[in-house]
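Residue numbers (the numbering used here), protein chains in the order written: chain A, 1 to 416; chain B, 417 to 832.
There are 2 protein chains.
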Amino acid sequence: MLSVQEATRLLLGALPEPETEEVDLWSAAGCVLAVDVVADSDLPGFRRAAMDGYAVRADDVAAAEGRRPVLLRVIGEAAAGRPSEAVVVPGTAVRISTGAPLPAGADAVVRFEETRASDGRVAVLCPVRPGENVGEADEDVRAGERVLAAGTLLRPPEIGLLAALGWARVPVLRRPVVHLVSTGDELVDVAATPAYGQVRNSTAYALGAAVRQCGGQPVLRQRVPDRLEAIASAVAASLAEEPEVVITTGGASVGEHDLVRLAFDRLGAEHLFWRVAMKPGMNVVAAKRGRTLLVGLSGNPAAALCSFEVIVRPALTALAGAERPLARARVVLDEEVAQIPVRSRFLRVQVYAAGGVLRARPAGSQLPSVLSSLARANAFAVIPPGLRTLPAGTVVEALIFAGSEAGLLSGGGGVS
Amino acid sequence: MLSVQEATRLLLGALPEPETEEVDLWSAAGCVLAVDVVADSDLPGFRRAAMDGYAVRADDVAAAEGRRPVLLRVIGEAAAGRPSEAVVVPGTAVRISTGAPLPAGADAVVRFEETRASDGRVAVLCPVRPGENVGEADEDVRAGERVLAAGTLLRPPEIGLLAALGWARVPVLRRPVVHLVSTGDELVDVAATPAYGQVRNSTAYALGAAVRQCGGQPVLRQRVPDRLEAIASAVAASLAEEPEVVITTGGASVGEHDLVRLAFDRLGAEHLFWRVAMKPGMNVVAAKRGRTLLVGLSGNPAAALCSFEVIVRPALTALAGAERPLARARVVLDEEVAQIPVRSRFLRVQVYAAGGVLRARPAGSQLPSVLSSLARANAFAVIPPGLRTLPAGTVVEALIFAGSEAGLLSGGGGVS
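Spelled out as structure tokens, the structure:
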């Protein structure tokens, strides 16, 4: 059976080229830059005071000291946004506040604390070096410099830099569109009351949230009954809108109702893989048609989320601009765990830090249909295939759910 | 001077009660639940087949084995969403697929692989225990159980659970509204071309992105000139809309232009603190008026972001539902770093994993006005106050920027 690594690699190899779009900088946080950003000017663009004080010629005050201050005539005032037009000639100074352009003639700023002002003059109590308390015109960015590279995730500092450079709108990778097609005669809408034998469509909602977490835009499509025709035509309708990904849920098992794979075939999609050596979530089928990735996941919510996190997340985050698989950490098992042959088990666990070491305790039921234990988990412990029972204390790898990394990093990191 | 810890504590102690709102479950990922969720029914709500096969009475097949199969008459078929009305009496079976309700009379499912079907009958090749391959009506959730507690962050599994329980709309904490009031005569809009001595308003954009990262809703307010009246009336206009937080930038230094503190006073706000023992970002002023927190930050973008991340983030994330300060990790300094008296230095660094240990190298200029080095950083290394130069190899604490934790956790965690 195909390994998880191989399945992940096949999906990553089949990614469409991402689309780009222009967004308002104010809403661009979390987006990924689509182009290199080259500065068209220096930043801040002019020499300015880095402190409140007096703009002077350093030569003038070279001999200043507390007992023998140098007296300068104050010929103007400069504030941020309000430059002084005065020219600082020998023997003069301009009162200046932080951020104000350094007046012509001046080459340094003496801080207020090192002066005494009186009646149109200022007494400077200590010397300054040329350039002291002055910010250079290119102290932040030099004109022509590549400030940010295409592919950069826009965090607060990058947003600030783009603002400083005047990029009011910014070309970013479009968040990949992911259609969610739910198959299953048993499904009813979330707002409906299920009749006997029916269940609400929880899997699509859980996957929608997971798609958002990966930087995608989920689109909830109509539910589809368990018939080949219906599934094929629903997927065809999605394909017509050319989303980056179509994810189906249900109908991917090996029984009579293994219809999704047939539907993909009927639509002429290029087969990528079917079934992956993992538990839960073995029944994954993947194909490609045009620029759209087609992925069929289990109808069982925990199984679908497990396959999504392990196999789909790397591809979807890569499409969104930067491959971000779940973080990996080594953890100590609190309880013994049985291996299974051929397939890796992805055990829902609570990972916690204890004495600088990460430990994992099972989070409850491991059934593919059970969500409540997944809601109590913050990681999958990966149990490699085999025939043994791994004793408590065994060190295994865990995949840490998005959002739980910070706490565990603060808790002391991993097990080396 | 007030310590960072004390300033953080004071802000956290002054938080307003969060507002709640109801949102569509489809868009609720990342929100924080405002109420306890108690199940009004079992989940899935009925006994069902966990495998494709035949629903049988376990007693009937107790003696089944490969050489002496038990023959049962097939009296119906059940699929997910299509229950069978047949009653399984001794000697009979119902063909069943995964997720279908277990028919009356049956107490177990024999998997297809362990049967041979022929002409209205099925030969069962091995015994099953009562309950085998059957999912119980309450296997996921029991009616009356508190499934999720108020304050829970809604991740994909929680969204799935809420969907399964029929919560099409869900009460969540409203994302805190944060007004950003920029003061400074030197500021121009991002889309404008600065004249000599002017700069674009990058700080507000960077802070807007940081507010979003913390789960807040940033609102960019009009820029305000450096005059007490103008600042007070801009803050008053914000207060009239009762946001959770108003953040001003600029005008918080100790020069003549220290106007924000005076504006807060004039509005009758309760003073919380002024100036914090940190560099950059010392000039923070905090107050409270009605339910609104007022925070004045530096106009320098890197200084403002540093104060925000260290002091405001814990409060804002707590307001959003779960206090999330930056993750802390111990790192080894690659280069020597000079301490400064009284204040902690927050050094922009690149933290990277090498041999299972986290190391930190300076990310460039440490000037409060420089953003480009912050864009190259993924952490602040915290240099405690003092008079020494810490040699390369010193272990210090680092605050890891949001989004960089996963890579560092995977890289091998911290330094114990």
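Ideal Cβ placement from N, Cα and C applies to all residues, glycine included. None of the values given here were measured: they were computed from a predicted structure.
Query	Result
B/P641 to B/D601 span [Cα, whole Å]	5 Å
Closest by C-alpha distance to A/T20, when choosing among A/P176, A/V70 and A/A39	A/P176
Minimum C-alpha distance to B/N875 - residue among B/V451, B/L763 and B/L783	Nothing in the structure corresponds to residue 875 of chain B, since chain B is present only between 417 and 832.
Inter-residue spacing [alpha-carbon to alpha-carbon] between A/G215 and B/R545	46 Å
DSSP state of B/R498 mapped onto helix, strand, coil	strand
Alpha helix (DSSP H) runs contained entirely in the segment 216–265 of chain A, provided each spans 4 or more residues	228–240
Minimum Cβ-Cβ distance from B/W442 to chain A less than 8 Å	yes
Sufficient close CB pairs (3 or more, under 8 Å) joining the segment 353–370 of chain A to the segment 314–321 of chain A	no
8 Å CB neighbourhood of A/P16 in its chain, flanking five on each side removed	E244, R291, T292, L293 and L319
9 Å Cβ cut-off: residues of chain A touching B/Y470	Within chain A, no residue comes near B/Y470; the closest Cβ sits about 12 Å away, beyond 9 Å.
C-alpha gap between A/V74 and A/S118, whole angstroms	10 Å
Range of the contiguous beta strand (DSSP E) that encloses B/R532	T531 to S534
Residues that A/Y205 contacts on chain B, provided the C-beta gap is smaller than 8 Å	L441, W442, I575, G576, L578 and A579
Nearest neighbour of B/P634, chosen from B/K695, B/Q766, B/T619 and B/V453 [CA to CA]	B/T619
Interface partners of A/N201 on chain B, CB under 8 Å	A579
A/S373 versus A/R275 - alpha carbon distance	24 Å
Straight-line Cα distance separating B/T664 from A/I311	45 Å
Span separating the alpha-carbon of A/M282 from that of B/G497	23 Å
Buried versus exposed, by CB contacts within 10 Å (16 or more), A/F46	buried
Residue range of the unbroken alpha helix (DSSP H) whose run includes A/T8	V4 to G13
DSSP state of A/F112 mapped onto helix, strand, coil	helix
Proximity of B/V557 and B/V597 at Cβ, strictly below 8 Å	no
Span of the alpha helix (DSSP H) around B/Q629	S618 to Q629
DSSP three-state assignment for B/W442, whether helix, strand or coil	helix
Short-range partners of chain A found in the segment 736–768 of chain B, where Cβ spacing is below 8 Å	R740, L742, A743, R744 and A745
Contacting residues, own chain, Cβ-Cβ under 8 Å from B/W583 (five flanking each side not counted)	L441 and V453
Collapsed DSSP secondary structure at A/S416 in the structure displayed	Only weak support is given to the placement of A/S416: the predicted model assigns it a pLDDT of 43, under 50, and the value that follows is read from those uncertain coordinates. Looking at A/S416 - three-state DSSP - the assignment turns out to be coil, as it is neither helix nor strand.
The beta strand (DSSP E) enclosing B/E686, as first and last residue numbers	E686 to W690
Supposed close pair A/A379, A/S404 - CB separation, criterion 8 Å	7 Å
Contacting positions in the segment 215–228 of chain A - beta carbon closer than 9 Å to chain B	P218, L220, P225 and D226
Short Cβ contact (8 Å threshold) for B/A494 with B/A516	yes
Cβ neighbour criterion (16 or more within 10 Å) applied to A/T183	buried
Test item: CB-CB of B/A693 and B/L427 under 8 Å	no
8 Å Cβ cutoff, A/F401 in contact with chain B	yes
Beta-carbon gap between A/T152 and A/V32 smaller than 8 Å	yes
Nearest residue (CA-CA) to B/E657, options B/R705, B/V767, B/R804 and B/G446	B/R705
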